Amino acid sequence: MFDWNAALWALLAMSLLGGAGWLLSLARHDVSIVDSLWPLFFLLGAWVHVSAQTGLDSPGPRALLVLGLLLIWALRLSLYLTWRNWGEPEDHRYQAIRARNQPGFAFKSLYLVFGLQVLLAWIIAAPLFAALAQPAPLGWLDAIGALAWLIGMLFETVGDAQLARFKANPAQRGRVLDTGLWRYTRHPNYFGEALLWWGFFLIAVAAGGWWTVFAPLLMTLLLLKVSGVALLEQDITERRPAYADYIRRTNAFLPWFPKERA
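Residue numbering for the sequence shown is -12 to 249, as defined by this note's numbering.
The following block contains the structure:
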């Protein structure tokens, strides 16, 4: 079961939040704020979806599970990204987009940055919407999905914390973080992000939403080939030569034991 009416109301709410973020970015001359809004798009969309659903007097156990997991993930990630970017110049990714789209980037950013991310978030939220629309009791697949979410959340949270601590230490400047979770994967936070979305998908499958498999696939593709691993590592060996050995020894995404140093 999929409630398209509720999903479209969710899209409207997410679009309004994106529009508000765009207006704020004009005042700040910085579109990086969209990173902090990204998890909030999902949270707002899910809450509006539940409110707009037809035929349901109150959220069922699966909806409460999804909303609870989503609330923890969204608030943690949004607050972390806000803290990380506070007082910093516009992210270099957005600086490059800004430079390529002059003149008129102020208006173009409405659809190139904010509109695009709202649309992507709405598409990726399909498993959430499928799970929220099914009031049936929880089952074993929901438990497996919640466990996958928990493991992914731990990878993302611990990975972010280890990286933040590493960057805050002046003695580590120019070095490569290869301890903790970063010993087993070059991007534990991205792996965790992908895994928790596969967890949401499994919960959706328990609600009959197997067809939403495109959503975690798209998220994984974005993290691996678009805005995640590929973008961060495209010129990193030129800036940090020691990273080449780290690449040789350590998996990019899936955690595994590292190879021995050369």
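Heads up, the beta-carbon is just placed ideally off N, CA and C, and yes, glycines get one too.
Quick caveat: nothing in here was measured; it's all calculated off a predicted structure.
Around the C-beta of residue i, are 16 or more other C-beta atoms found within 10 angstroms, so that it is buried, or is it exposed?
i, result
"PRO203", "buried"
"LEU64", "buried"
"ASN156", "exposed"
"THR166", "exposed"
"HIS261", "The structure shown does not extend to residue 261, since the chain spans only -12 to 249, so no value can be given for it."
"LEU183", "buried"
"VAL213", "exposed"
"TRP243", "exposed"
"PHE94", "exposed"
"GLY139", "buried"
"GLN98", "Before going on, a small fix: residue 98 reads as Tyr here, not Gln. That one is exposed."
"GLY126", "exposed"
"ARG49", "buried"
"ARG15", "exposed"
"LEU10", "exposed"
"LEU(-1)", "exposed"
"ARG85", "buried"
Would residue i pass as an interface residue toward chain B - the criterion being a Cβ-Cβ separation below 7 Å?
i, result
"ILE234", "This model lacks chain B altogether; it includes just one protein chain."
Skipping 5 residues on each side, what residues in its chain have a beta carbon closer than 6 Å to that of residue i?
i, result
"ALA39", "ALA(-7), TRP(-4)"
"ALA117", "PHE(-11), ALA191, ALA194, GLY196, THR199"
"LEU58", "none"
"PRO46", "VAL37"
"GLY132", "GLY186, LEU189, ILE190"
"GLY215", "TYR177"
"THR237", "ARG173, PRO245"
Closest to residue i by C-alpha separation, out of the options, would be which residue?
i, options, result
"LEU51", "GLN121, PHE240, LEU219", "GLN121"
"VAL193", "GLU225, LEU115, ARG226, THR172", "First, the amino acid is wrong: residue 193 is Ala here, not Val. Comparing Cα positions, the closest option is LEU115."
"LEU31", "ARG15, LEU54, TRP9, LEU10", "LEU54"
"PRO76", "ARG236, LYS95, VAL18, ALA229", "VAL18"
"ARG226", "MET206, ARG162, ARG236", "ARG162"
"GLY8", "ARG236, PHE101, PRO46, GLY74", "PHE101"
"ALA135", "LEU210, ALA181, LEU168, GLN159", "ALA181"
"ILE111", "LEU209, ARG248, PRO228, ASN238", "LEU209"
"PHE201", "VAL216, PRO124, ALA113", "ALA113"
"GLY281", "PHE92, ARG152, ILE20", "The structure shown does not extend to residue 281, since the chain is modelled only from -12 through 249, so no value can be given for it."
"SER12", "THR237, ARG248, PHE240, GLN82", "GLN82"
"GLU247", "LEU(-2), LEU241, PHE92, ARG170", "ARG170"
"LEU211", "ARG236, PHE240, PRO228", "PHE240"
"ASP129", "LEU56, GLY91, TRP34, ASN238", "LEU56"
"ALA61", "TRP34, ASP78, ILE84", "TRP34"
With a CB to CB cut of under 7 Å and the five nearest residues on each side skipped, what residues in its chain are close to residue i?
i, result
"LEU4", "LEU24, LEU27, PHE28, LEU31"
"ASN88", "LYS95, LEU99"
"LEU168", "PHE142, VAL145, GLY146, GLN149, PRO175"
"MET1", "PHE28, LEU31, GLY32, VAL105, ALA108, TRP109"
"PHE92", "ARG85"
Which residues in the same chain as residue i place their Cβ atom closer than 8 Å to its Cβ, once the five residues preceding and following it in sequence are excluded?
i, result
"THR224", "TYR230, ALA231, ILE234"
"MET206", "ILE111, GLU180, ALA181, TRP184"
"ARG160", "none"
Cβ of residue i versus every heavy atom of the ligand MN: is any distance shorter than 6 Å?
i, result
"VAL37", "Absence of the ligand MN is noted for the structure shown, with no ligands found whatsoever."
Check your understanding: Can at least three beta-carbon pairs, one atom from the segment 138 to 154 and one from the segment 100 to 115, be found at a separation below 8 Å?
Key -> Judged by Cβ distances under 8 Å, the segment 138 to 154 makes no contact with the segment 100 to 115, as fewer than three pairs qualify.
Point to revise | Segment contact, 8 Å Cβ cut-off, at least three pairs: the segment 63 to 80 with the segment 22 to 30 | key: Touching, per the Cβ criterion.
Review point. Taking contact to mean at least 3 C-beta pairs separated by less than 8 Å, is the segment 174 to 183 in contact with the segment 211 to 223?
Key: Output reads yes: the segment 211 to 223 touches the segment 174 to 183.
Practice item. Quick one: which unbroken beta strand (DSSP E) runs of 3-plus residues sit fully inside the segment 37 to 69? Chain order, please. Key: For the segment 37 to 69, not one full-length beta strand (DSSP E) segment reaches 3 residues or more.
Practice item. Report the residue ranges of all alpha helix (DSSP H) runs contained in full by the segment 138 to 219; include only those spanning at least 4 residues, in chain order. Key: Those alpha helix (DSSP H) runs which fall completely within the segment 138 to 219 and span 4+ residues are 175 to 193, 201 to 208.
Point to revise | Complete alpha helix (DSSP H) runs within the segment 92 to 133 (minimum length 4 residues, chain order) | key: Complete alpha helix (DSSP H) runs here, min 4: 92 to 96, 103 to 111, 113 to 119.
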